[in-house]
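Asks: For the sequence shown, the residue numbers in mature numbering (1 follows the signal peptide of the UniProt record, and there is no 0) are -19 to -1, 1 to 210.
Okay, handing you the structure first.
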Amino acid sequence: MKRLITVLLAGAMMSAIFAGCGSDKDKGSSSSMSQSSSSSSSSSSSMSSSEEGDKVEIIIKDAKLKEAFDAVRREFGEFYVSMPSVITEQQMQEMYYINPDDIEEFAGEMSIANVSGDTFVAVKAKPGKADAVAEALEKRRTDIIDQFKTYPVNFMDIKSEAAKVITEGDYVFLVLMGDINVPDGEEASLEMAQKEVERAENAIKSVFEGSGSSAASSDAGSSSDAASK
């Protein structure tokens, strides 16, 4: 009888041990699956843009900022920023000197080629902060010019001189892009680079001039209605 009880107790202990091991394995498997799911979710959330051909569709919430950004991209087509890379928030602060507290939204791309200084930055500043943002982008513009003065490759020492900061109300842009087939002499090359930047400026201005004329028309209509009443 004692032997039977001993055998039963031993069997019960072995069952408990195996059950514990199985539980640990299940926990490990569950933990592994949870980590895998978390990693996938993190990767998905960090991809705030979707690829469209060779370009990346940057998610821009402000309608006017998006309209201006897209207008410049369309204007230049294949001669947009060469080998573009989306500018991160850290780069925005460290390379473009922009204080996050001064802005409502930021979007930008810069060339990752070491022979190019191409860049396009579009910012919606908070009310009263456009000058601070423009000053920050002017500093970045100077950095690009200085960089290619000491590293005059691919005619960027000439092209970088054409870089320009453009302000439209609370919206501020930094533009340096376009084709430069280097005609005869540095002066002609600089003129060509300036004309390319002017194309971007015109594309930006067309967005804001359109809204301005629309607003003026609306105001005029309101005044007319008020007068008739």
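Every residue, glycine too, gets a C-beta built ideally from N, C-alpha and C.
Can the beta-carbon of G98 be found less than 8 Å from the beta-carbon of M137?
Replies: Taking the sequence shown and counting its residues from 1, the one referred to as residue 98 is at position 117. Taking the sequence shown and counting its residues from 1, the one referred to as residue 137 is at position 156. The answer is yes: Cβ separation under 8 Å.
Asks: Is the number of C-beta pairs between the segment 78 to 86 and the segment 50 to 69 that are closer than 8 Å three or more?
Replies: The segment 78 to 86, when compared against the segment 50 to 69, does not touch it at the 8 Å Cβ threshold.
Asks: Expressed to the nearest angstrom, what Euclidean distance is found between the alpha-carbon atoms of E32 and E116?
Replies: For the purposes of this step, residue 32 is identified with residue 51 of the sequence shown, where counting begins at 1. For the purposes of this step, residue 116 is identified with residue 135 of the sequence shown, where counting begins at 1. Note that E32 scores 41 on pLDDT, short of 50, meaning its location in the model is unreliable; the coordinates nonetheless yield the value given after this. Distance between the alpha carbons of E32 and E116: 32 Å.
Asks: Work out the CA separation of R54 and A88 for me, nearest whole Å.
Replies: Locating residue 88 in the sequence shown gives position 107, where the first residue counts as 1. Locating residue 54 in the sequence shown gives position 73, where the first residue counts as 1. Their backbone Cα atoms lie some 13 Å apart in a straight line.
Asks: Per DSSP, which residues does P65 bridge with? Please list them.
Replies: For this step, residue 65 is matched to residue 84 along the sequence shown. In DSSP, P65 forms a bridge with S92.
Asks: Using 10 angstroms around the beta-carbon of V67, count the other beta-carbons present and answer buried if the total reaches 16, otherwise exposed.
Replies: Residue 67 sits at position 86 when you count from the first residue of the sequence shown. Exposed, since its Cβ has fewer than 16 Cβ neighbours within 10 Å.
Asks: Beta carbon of A106, beta carbon of D151: below 8 Å?
Replies: By one-based count along the sequence shown, residue 106 stands at place 125. By one-based count along the sequence shown, residue 151 stands at place 170. Yes, they are a contact pair.
Asks: In angstroms, rounded to a whole number, what distance separates the CA positions of E182 and A44?
Replies: Along the sequence shown, read from residue 1 onward, the residue named residue 182 stands at position 201. Along the sequence shown, read from residue 1 onward, the residue named residue 44 stands at position 63. Each residue's Cα considered, the two are about 18 Å apart.
Asks: Helix, strand or coil: which one does DSSP assign to E190?
Replies: Stepping through the sequence shown from its first residue, residue 190 is reached at position 209. Note: E190 maps to helix in three-state DSSP.
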